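Under the working numbering, residues 1 to 131 are what the sequence shown spells out, in order.
Beta carbons are placed, not taken as given, at the ideal position from N, Cα and C, and that holds for glycine.
What you are looking at is a predicted structure, and each value in this text was computed from that prediction instead of being measured.
Here the structure is laid out as structure tokens; the discussion comes afterwards.
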Amino acid sequence: MKQETKPKKKRSVNHELIEWGAILGVVGVLYFSGLHVPVIGNLQRVLLWTGLMSPDTEQKNDNFRKANYNIPLITLDGNDFELEEFKGKTIFLNFWATWCPPCIAEMPNIQALYESVENDTIQFVMVSLDE
């Protein structure tokens, strides 16, 4: 029995241009309206959630240098602050910015970690790089 294969329909150049124009239009609207940051952040959040971007976390080396706690920071209230206040505790230090899609993507996981820790031996310090 011989199967008949249907020839593929040739797409017209106009059809291709319309499709590419629509794609570029959507990308342009997202970019110029500033919505590309949350969209990319949400896409990265989905990738983190699926585990596709899970790094190998095996510790290779136990030779650590002592931490330098002399890092001047400013609180949300405008007060000066140094990490020295948390010496002896585990410090979760995260540098982030509102314009950074990976930073936005990791925030729900950091929030879940923060809520799951019930003791005072860990301190979360979030350093914003926004102006």
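Measuring straight from C-alpha to C-alpha, what distance separates residue i and residue j?
{"i": "I133", "j": "W96", "result": "Nothing can be reported for residue 133, as the shown portion of the chain is limited to 1 through 131."}
{"i": "N94", "j": "H36", "result": "23 Å"}
{"i": "N14", "j": "W20", "result": "10 Å"}
{"i": "P102", "j": "I40", "result": "8 Å"}
{"i": "E106", "j": "S33", "result": "23 Å"}
{"i": "N79", "j": "L73", "result": "8 Å"}
If you drop the 5 nearest sequence neighbours on each side, which residues of the same chain put their C-beta closer than 7 Å to that of residue i?
{"i": "T121", "result": "K89, T90"}
Pick helix, strand or coil for residue i, following the three-state DSSP scheme.
{"i": "F64", "result": "coil"}
{"i": "E118", "result": "coil"}
{"i": "S206", "result": "Outside the displayed range of the chain (1 to 131) lies residue 206, so it cannot be described from this structure."}
What span of residues does the alpha helix (DSSP H) with residue i cover, start to end?
{"i": "T98", "result": "Premise fails: T98 is in no alpha helix (DSSP H) and is neither H nor E."}
So, for residue i: in the same chain, excluding its five sequence neighbours on each side, which residues have a beta-carbon less than 8 Å away from its beta-carbon?
{"i": "V26", "result": "none"}
Using 8 Å for Cβ pairs, my map puts residue i next to residue j. What's the rounded Cβ distance?
{"i": "I71", "j": "E82", "result": "6 Å"}
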